[in-house]
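Reviewing the structure listed below.
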Amino acid sequence: MRISLTQVAKHAGVSIATASRVLNKSGSMTEQTRLKVLASANELGYVPDRRFRAMGQAR
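For reference, each letter of the sequence shown is one residue, going 1 to 59 in the numbering used here.
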């Protein structure tokens, strides 16, 4: 089963938007939040879906 951004956010205790900003390296957040999201993504084995990444870059 593929791990979703929603699952990473829930595991880290942050909003989906915050998790997205951390993983896309955009916007500002505290270092503590950044590390918490990255640790959760790593622990859960999150891998971004390239198809969705390409759609976001097409805008």
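C-beta atoms are modelled at their ideal positions from N, C-alpha and C, and glycine is treated no differently.
Extent of the continuous alpha helix (DSSP H) to which Ser28 belongs: Run containing Ser28: none; DSSP gives neither H nor E here.
Pair within 8 Å by beta-carbon distance, Val8 and Ala41: yes
Contact check, Leu23 vs Val14, beta carbons under 8 Å: no
Reduced DSSP category for Val8 - H, G, I as helix; E, B as strand; rest coil: helix
Buried/exposed call for Ala19, threshold 16 Cβ in 10 Å: buried
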